[in-house]
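Participant:
Residue numbers (this note's numbering), protein chains in the order written: chain P, 59 to 189; chain A, 19 to 348.
(1) Which of the residues in the region 276-288 of chain A, read from start to end, lie with their CB under 9 Å from any CB of chain P?
(2) Would you say residue 181 (chain P) faces chain A, with C-beta separation under 8 Å as the test?
(3) Is residue 296 (chain A) near residue 249 (chain A), with beta carbons less than 8 Å apart?
(4) Would a check of beta-carbon distances place residue 119 (chain A) closer than 8 Å to chain P?
(5) Could you check whether the Cβ of residue 371 (chain A) sits closer than 8 Å to any Cβ belonging to chain P?
(6) In the DSSP assignment, find the unbroken alpha helix (DSSP H) run with residue 257 (chain A) in it and report its ends.
(7) Using CA coordinates, which residue listed in A:28, A:168 and A:290 is at the minimum distance from residue 61 (chain A)?
(8) Going straight from the alpha carbon of residue 189 (chain P) to that of residue 156 (chain P), what length do you get?
(9) So, helix, strand or coil for residue 19 (chain A), using DSSP?
(10) Do residue 84 (chain A) and residue 98 (chain A) have their C-beta atoms within less than 8 Å of each other?
(11) Please list, in chain order, all residues of the same chain as residue 158 (chain A) whose beta carbon is under 6 Å from its beta carbon, the five residues on each side excluded.
(12) Could you give the first and the last residue of the continuous alpha helix (DSSP H) run that contains residue 139 (chain P)?
(13) Using only the alpha-carbon positions, how far apart do residue 281 (chain A) and residue 256 (chain A) sit?
(14) Evaluate residue 279 (chain A) with the Cβ neighbour count: other Cβ atoms within 10 Å of its Cβ, from every protein chain shown; 16 or more gives buried, anything less gives exposed.
(15) Can you give me, in chain order, the residues of the region 133-154 of chain P that have a beta carbon less than 8 Å from any beta carbon in chain A?
(16) Would you report the Cα separation of residue 313 (chain A) and residue 244 (chain A), rounded to the nearest angstrom?
(17) Pick out whichever of A:73, A:240, A:144 and A:323 has its Cα sitting closest to the Cα of residue 53 (chain A).
(18) How is the alpha helix (DSSP H) around residue 317 (chain A) delimited, first residue to last?
(19) Under the assumption that residue 203 (chain A) contacts residue 126 (chain A) (Cβ atoms under 8 Å), give the Cβ distance between them as a whole number of angstroms.
(20) Determine the closest residue to residue 183 (chain A) out of A:237, A:215, A:38 and A:291, with distance taken between C-alpha atoms.
Spelled out as structure tokens, the structure:
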């Protein structure tokens with residue numbers, strides 16, 4: 059069962075992102091990190107389930123297309139994520155609750171900024187929902 | 019009343035028939051106005067075939083199971099002749115594209131369909147049980163048990179998919195046998211072809227939509243009929259709805275509304291890339307849930323965002339499974 063206050067973060071190849079994850083968990087107590095092997099291997103049904111059951115949001119951290127360790131993983135997932143977003147829309151859920159971020163693992167500053175933007179967007183969504 | 023098309027189908031099958039073949043078509047059921055699939059293994063059985071506006075069943079679902087040899091009759095050693103309406107033929111094409119069956123095994127016989135009648139709509143109009151149906155051009159005449167006659171204009175009682183000819187657009191370049199006047203058929207579907215319908219997703223706010231979906235899917239009893247009839251659902255042994263415990267525990271077995279919504283969410287999300295919009299899920303649903311609001315949304319999405327239509331070709335891999343270097347991502 060999804061926790062209603064949590065944002066689920068799925069970073070790929072989590073060892074490369076150790077520093078980033080440390081900083082993020084220090085800053086936000088509402089982030090729950092679930093490491094995965096590759097963003098291409100992420101089952102989008104899981105995101106649908108989490109958001110449907112009331113999680114605040116789901117963020118997938120993947121490598122830029124071309125940078126992927128498994129070469130094509132990110133490419134396939136990009137299309138699949140678009141489909142998942144539309145599935146949320148078709149069933150009356152906010153499509154912005156599912157976010158995918160693409161970046162270089164070493165670029166911690168830039169990633170931090172993007173995750174912060176995501177968190178702000180998610181909290182805005184909650185306020186709209188309350189109205 | 020025997021239609022010309024029905025005669026032509028029989029004639030064509032009689033000409034092509036070789037011992038050991040299998041043919042799939044429709045035959046009469048015990049209930050009036052209902053048609054069931056006919057598996058023909060002997061030449062003499064070809065006489066039983068029936069074709070009229072009541073053949074609402076899609077035979078494309080069986081194509082997916084023919085790749086398992088044990089399902090075929092032991093005498094089978096030739097070809098499978100499948101009689102299809104154009105909309106079902108699209109599902110067969112998608113099965114070719116998804117490599118569910120080799121094209122050498124199948125012989126497509128496409129019928130110039132003139133719209134199929136939605137029996138549930140007619141049964142709703144007549145208060146008493148109906149004894150017999152008859153078709154006269156565009157008029158359906160039915161008699162109920164008291165002997166009263168009811169007349170219906172066929173064009174007002176079409177299935178939802180037949181009311182706009184978007185689904186009738188079979189890829190005509192492919193090798194097939196066409197029964198009926200092909201030129202006239204093409205002209206007719208061009209004339210009627212309409213734009214996408216407006217869906218609740220376009221007009222309602224997310225909250226309204228969620229309430230509406232909640233109300234409709236409350237009736238769902240998770241009988242899996244929509245999954246079993248779907249020509250695009252072919253993970254026969256590995257379906258997560260059959261073995262919820264062995265996979266990641268995505269879905270519980272209980273039928274609370276929250277769970278059924280998630281069931282349909284996962285199913286439509288999974289089937290979207292090869293859904294041809296044949297509408298079989300909605301027809302098979304015993305609780306009359308309007309599933310078109312979902313599959314039509316995904317059909318439109320596939321065409322507008324991904325730029326491809328499922329069932330249009332027999333060799334194009336679906337967009338979520340293929341990528342060529344240099345291609346646009348989305």
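The C-beta atom is built at its ideal place from N, Cα and C for all residues, glycine as well.
None of the values given here were measured: they were computed from a predicted structure.
Facilitator: Let's see:
(1) 276, 279, 280, 282, 283, 284, 286, 287 and 288
(2) no
(3) yes
(4) no
(5) Here chain A covers residues 19 to 348 and nothing more, so residue 371 (chain A) does not appear.
(6) No alpha helix (DSSP H) contains residue 257 (chain A), which DSSP labels as neither H nor E.
(7) A:28
(8) Because residue 189 (chain P) carries a pLDDT of 43, less than 50, the predicted location of this residue cannot be relied on, and no value is offered for it.
(9) Residue confidence for residue 19 (chain A) is low, a pLDDT of 47 falling below 50, so the modelled location carries little weight and cannot support an answer.
(10) yes
(11) 170 and 172
(12) 131-148
(13) 16 Å
(14) buried
(15) 133, 134, 136, 137, 138, 140, 141, 142, 144, 145, 147, 148, 149, 150, 151 and 152
(16) 12 Å
(17) A:73
(18) 310-322
(19) In fact, because the Cβ distance is near 15 Å, the residues do not count as touching under 8 Å.
(20) A:215
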